[in-house]
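Have a look at the structure below, then the notes.
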Amino acid sequence: MPELFDILKVLGDETRYRLVKILLQHDFCVGALAKQLDMSESAVSQHLKLLRNAGIVKGEKRGYFTHYYIDRDFLRSAAKQLAELCELEKIEGTCTKAGFNSCCRKKRK
880 MPELFDILKV
890 LGDETRYRLV
900 KILLQHDFCV
910 GALAKQLDMS
920 ESAVSQHLKL
930 LRNAGIVKGE
940 KRGYFTHYYI
950 DRDFLRSAAK
960 QLAELCELEK
970 IEGTCTKAGF
980 NSCCRKKRK
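So the number in the numbering used here is just where the residue sits in the sequence shown, counting from 1, plus 879.
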């Protein structure tokens with residue numbers, strides 16, 4: 880699985896985020912997605928390529944067209960990683976207690 884940072888980076892683009900939201904509701908081919916987003920098919924294809932490379936989107940050939948869908952298990956795994964990040968405990972106290980005391984020392988003149 881790609882790093883969480885890479886997944887968030889891909890989802891950080893508004894168009895790709897919108898694509899994910901659309902594909903969570905229904906499988907679509909590039910042409911249908913392009914019409915929904917009022918974009919060219921080539922632009923949609925480029926966004927889908929990034930989403931596929933990140934592991935978020937998969938494609939399935941149906942006749943002449945490829946229909947795209949969200950890998951929900953992958954997305955759930957990424958969401959779990961993000962939730963685990965939120966559970967990291969904060970170290971109480973000042974930065975000197977965390978071992979970063981050089982930034983808190985008074986500077987000599």
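Cβ atoms here follow ideal geometry from the backbone N, Cα and C, with glycine treated the same way.
Apart from sequence neighbours up to five positions away, the residues of its chain that approach L912 with a beta-carbon distance below 6 Å are V923, ordered along the chain. The Cβ atoms of A933 and I901 do not sit closer than 7 Å to each other. Just so you know, the alpha carbons of V909 and L964 end up roughly 34 Å apart. Shown here, E939 sits in a strand according to DSSP, grouped into three states. Of all alpha-carbon atoms in L927, F944 and Q960, the one lying nearest the alpha-carbon of V899 is that of L927. The alpha-carbon of Q960 is positioned some 22 Å away from that of R897.
Take L890, set aside five residues on each side of it, and the residues of its chain with a beta-carbon closer than 6 Å to its own are Y896, in chain order. By the beta-carbon neighbour count (other beta carbons within 10 angstroms, threshold 16), F884 is exposed.
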